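Q:
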Amino acid sequence: MHGSLLSLAALGLAASAAPSPRVSRQDDGTTFLLFDAPAVVNQDGTTASVAAFAYTAPINTSALAAVLTATFEKVGIDASDITTPLERTKLFATRGLGEQEVAIDVSGCSQSVTLTTSGEPDYGLAQQTVSLGSCASASEAFEGTAGDAAITFFPSEDAGFGVISDIDDTVKVSNVLDTMKAIKAVLFDDAVPVSGMPELYSSLVESLDDPNFIYITGSPYELYPNLHDFISTSFVDSRGPILTKNLTVTNIAELASQIFDDSDTLNYKVSQIDRVHELYPNKKFLAIGDSTQKDPEVYAKAFNTYGDFIQCIWIRQVEDADNSDERFATAFEGVPETKYRVFTDEDIVNVLPTLDVAGGSC
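Read in order, the letters of the sequence shown are residues -17 to -1, 1 to 345 in mature numbering (1 follows the signal peptide of the UniProt record, and there is no 0).
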């Protein structure tokens, strides 16, 4: 997303975390948010990359309300009633808590998980690669719990195919290049999938022989509950963990200037592909993104680092983005032309489902 106003708008869907099954509130007021996790199955058992966030509810949201009001006024949106946007963004007024133990009981596995959240600079986040021991399910998603909160583990072998996918304007209509539309889409409207993408991803389940799907987004983790709900309902056949960006600031006024900086998003996404490669070094991935931000550059860097780990790259051509030949030539330097494809919305239905990616087509 471009510009500080649009950056702030992208925070909007976070607040419905409170009723989410991903969340557990403790007797002392501490609340845990659990993130679904990718897991790898091998002869030694199951290993997962697990993350959680510990926080306390905001004392008041007046600073956040002031930022929202100013944002709406600058872009010409009626700011007379900010009740809904304020509710949707209130996680940004919470305070992360370090040194909190998050004990996760994993059903069907021989080992439980205990994470310890950190202080500065992550302010309440924890992310660890842990062993689950021997698990009864090696191919189907299974659950873990921490109090009332649930976490889904998505196991897969370190072989065959997987899919790495962006979310905004790749599978979800976000209008990130249009400030007004983006604010309305995120703060007021129901999330809408890009036409044809749920069906395309369902077809990949068949053509790639049940690949694991991993969603890597530049959106901050405060958006996770709503992104989780969107993927779970709109992409039922291709559910998977969502890896969100860590953006924690102590001064809420800093949010608008720090979120969705292109260079920061590029570095973040590359680091998450590194995380995926650590779990699945022998798997091949189809990487799917769009042309609004840095997905071409991210996936090209991953290919140049890991070779055929990135077997194929698909980039959705978004209207008004930089879709010039020069941009893609620069972005994909070092990547063979047979390894990437820039596709139109018409291709989603007419071309992409016909490609034999497992057989080497791209």
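Built from N, CA and C at the ideal position, the CB exists for glycine as well.
Computed from a prediction, not measured in an experiment: that's the story for all the values here.
Counting beta carbon pairs with one atom in the stretch 71 to 79 and one in the stretch 187 to 200, are three or more of them shorter than 8 angstroms?
A: Contact between the stretch 187 to 200 and the stretch 71 to 79 is absent, because fewer than three Cβ pairs lie under 8 angstroms.
Q: With contact counted as at least three CB pairs below 8 angstroms, one residue from each stretch, are the stretch 104 to 122 and the stretch 79 to 86 in contact?
A: Yes: the two stretches touch, three or more of their Cβ pairs being nearer than 8 angstroms.
Q: Skipping 5 residues on each side, what residues in its chain have a beta carbon closer than 6 angstroms to that of leucine 226?
A: Taking the first residue of the sequence shown as 1, we reach residue 226 at position 243. So the qualifying residues of the chain are Ile199 and Gln255.
Q: Compute the Euclidean distance between the alpha carbons of phenylalanine 218 and aspartate 308, then round it to the nearest angstrom.
A: Taking the first residue of the sequence shown as 1, we reach residue 218 at position 235. Taking the first residue of the sequence shown as 1, we reach residue 308 at position 325. About 32 angstroms.
Q: Using CA coordinates, which residue listed in Phe292, Asp151, Ser114 and Pro224 is at the minimum distance from threonine 30?
A: Taking the first residue of the sequence shown as 1, we reach residue 30 at position 47. Answer by Cα proximity: Ser114.
Q: Residue range of the beta strand (DSSP E) that serine 139 falls in?
A: Residue 139 sits at position 156 when you count from the first residue of the sequence shown. Element bounds for serine 139: 132 to 140.
Q: Using only CA atoms, which one of Leu98, Gly342, Val177 and Lys277 lies nearest to isoleucine 331?
A: Within the sequence shown, residue 331 is the residue found at index 348, counting from 1. Checked all of Leu98, Gly342, Val177 and Lys277; the closest Cα to isoleucine 331 is Val177.
Q: Give me whichever residues DSSP pairs with cysteine 118 in a beta bridge.
A: What you label residue 118 is simply residue 135 of the sequence shown in a count that begins at 1. Partner(s): Cys92.
Q: Which residues in the same chain have their Cβ closer than 7 angstroms to the Cβ of leucine 249, if we skip the five residues on either side of it in sequence?
A: For the purposes of this step, residue 249 is taken as the residue at position 266 of the sequence shown. For leucine 249, where only same-chain residues beyond five positions count, the Cβ hits under 7 angstroms are Lys277, Glu280 and Val281.
Q: Which residues does DSSP list as the beta-bridge partners of lysine 267?
A: Within the sequence shown, the letter at position 284 stands for residue 267. Bridge partners of lysine 267: Phe144.
Q: For alanine 168, which residues of its own chain have a beta-carbon under 7 angstroms away from its beta-carbon, when the five flanking residues on both sides are left out?
A: Taking the sequence shown and counting its residues from 1, the one referred to as residue 168 is at position 185. Excluding positions up to five away in sequence, the list reads Val156, Ser157 and Asn158.
Q: For alanine 304 versus serine 344, is the C-beta distance shorter than 8 angstroms?
A: As a first step, residue 304 is located in the sequence shown; it is residue number 321 there, counting from the start. As a first step, residue 344 is located in the sequence shown; it is residue number 361 there, counting from the start. Taking 8 angstroms as the Cβ cut-off, alanine 304 and serine 344 do not qualify as a contacting pair.
Q: Taking the C-alpha atoms as reference points, what is the distance between phenylalanine 75 and aspartate 339?
A: Here residue 75 is taken as the residue at index 92 of the sequence shown, counted from 1. Here residue 339 is taken as the residue at index 356 of the sequence shown, counted from 1. Cα to Cα, phenylalanine 75 sits roughly 43 angstroms from aspartate 339.
Q: Classify glycine 261: buried if its beta carbon has 16 or more other beta carbons within 10 angstroms, exposed otherwise.
A: Indexing the sequence shown from 1 puts residue 261 at position 278. Here the sequence assigns glutamate to residue 261, which means glycine is not the residue at that position. By the neighbour-count rule (16 or more Cβ atoms within 10 Å), glutamate 261 is not buried but exposed.
Q: Beta-carbon separation of valine 58 and threonine 162 under 8 angstroms?
A: By one-based count along the sequence shown, residue 58 stands at place 75. By one-based count along the sequence shown, residue 162 stands at place 179. Against a cut-off of 8 angstroms, the Cβ pair of threonine 162 and valine 58 comes out as a contact.
Q: Indicate the three-state DSSP secondary structure (helix, strand or coil) for asparagine 195 in the structure shown.
A: Along the sequence shown, one-based indexing puts residue 195 at 212. Three-state DSSP puts asparagine 195 in a strand.
Q: My assumption, with CB atoms under 8 angstroms, is that serine 202 sits in contact with leucine 210. Please give the rounded CB distance.
A: For this step, residue 202 is matched to residue 219 along the sequence shown. For this step, residue 210 is matched to residue 227 along the sequence shown. Contact holds; Cβ gap of about 6 angstroms.
Q: Anyone know if the C-beta pair for leucine 17 and isoleucine 134 falls short of 8 angstroms?
A: Position 34 of the sequence shown, counting from 1, holds the residue named residue 17. Position 151 of the sequence shown, counting from 1, holds the residue named residue 134. The answer is yes: Cβ separation under 8 angstroms.
Q: So, at 6 angstroms on beta carbons, what are the nonlocal neighbours of glycine 145 in its own chain, with the 5 sequence-adjacent residues on each side left out?
A: Taking the sequence shown and counting its residues from 1, one reaches residue 145 at position 162. Pro194, Asn195, Lys266 and Phe268.
Q: Nearest to tyrosine 251 by alpha carbon, out of Trp297, Asn333, Asp149 and Val23?
A: Looking up residue 251 in the sequence shown gives position 268. If we check each option's Cα against that of tyrosine 251, Asp149 comes out closest.
Q: Less than 8 angstroms between the beta carbons of threonine 39 and threonine 14, yes or no?
A: Residue 39 sits at position 56 when you count from the first residue of the sequence shown. Residue 14 sits at position 31 when you count from the first residue of the sequence shown. Yes, the pair counts as a contact, with Cβ atoms nearer than the cut-off.
Q: Classify isoleucine 65 as helix, strand or coil using the three-state DSSP reduction.
A: Counting from one through the sequence shown, the residue named residue 65 turns up at place 82. Isoleucine 65 falls in the coil class under three-state DSSP.
Q: Are the beta-carbon atoms belonging to threonine 327 and glutamine 300 less than 8 angstroms from one another?
A: Here residue 327 refers to the residue found at position 344 when the sequence shown is read from its first residue. Here residue 300 refers to the residue found at position 317 when the sequence shown is read from its first residue. For threonine 327 and glutamine 300, yes; Cβs fall inside 8 angstroms.
Q: What does the alpha-carbon distance come out to for the pair glycine 91 and aspartate 247?
A: In the sequence shown, residue 91 corresponds to position 108, counting from 1. In the sequence shown, residue 247 corresponds to position 264, counting from 1. So the two alpha carbons sit approximately 39 angstroms from each other.
Q: Is isoleucine 242 buried or exposed, if buried means 16 or more other CB atoms sit within 10 Å of its CB?
A: Within the sequence shown, the letter at position 259 stands for residue 242. Here isoleucine 242 scores only 48 on pLDDT, less than 50, and its place in the model should not be relied on; the value that follows carries that caveat. By the neighbour-count rule (16 or more Cβ atoms within 10 Å), isoleucine 242 is buried.
Q: Which of helix, strand or coil does DSSP assign to aspartate 273?
A: The count along the sequence shown starts at 1 and reaches residue 273 at position 290. Three-state result, aspartate 273: strand.
Q: Take serine 215 and list the residues in its own chain whose beta-carbon comes closer than 7 angstroms to its own, dropping the five residues that flank it on each side.
A: For the purposes of this step, residue 215 is identified with residue 232 of the sequence shown, where counting begins at 1. Excluding sequence neighbours, serine 215 sits near Arg222.
Q: In its own chain, which residues sit with a C-beta less than 6 angstroms from the C-beta of alanine 270, not counting the 5 before and 5 after it?
A: Sequence index remark: in the sequence shown, residue 270 carries index 287 (1-based). Hits under 6 angstroms: Ile147, Tyr282, Ile293 and Ile296.
Q: Short check: CB of glutamate 140 to CB of valine 24, under 8 angstroms?
A: The sequence position of residue 140 within the sequence shown is 157, counting from 1. The sequence position of residue 24 within the sequence shown is 41, counting from 1. Against a cut-off of 8 angstroms, the Cβ pair of valine 24 and glutamate 140 comes out as a contact.
Q: Residues in its own chain within less than 7 angstroms of alanine 142 by CB, not counting five upstream and five downstream?
A: Numbered from its first residue, the sequence shown carries residue 142 at position 159. Cβ within range, chain order: Asn265 and Lys266.
Q: Would glycine 79 pass as a contact of phenylalanine 36 if the rule is Cβ separation under 8 angstroms?
A: Here residue 79 refers to the residue found at position 96 when the sequence shown is read from its first residue. Here residue 36 refers to the residue found at position 53 when the sequence shown is read from its first residue. Yes.
Q: Out of Asp27, Ser32, Ala20 and Thr77, state which residue places its alpha-carbon closest to the alpha-carbon of serine 45.
A: Reading the sequence shown from its first residue, position 62 is the one you call residue 45. It is Thr77.
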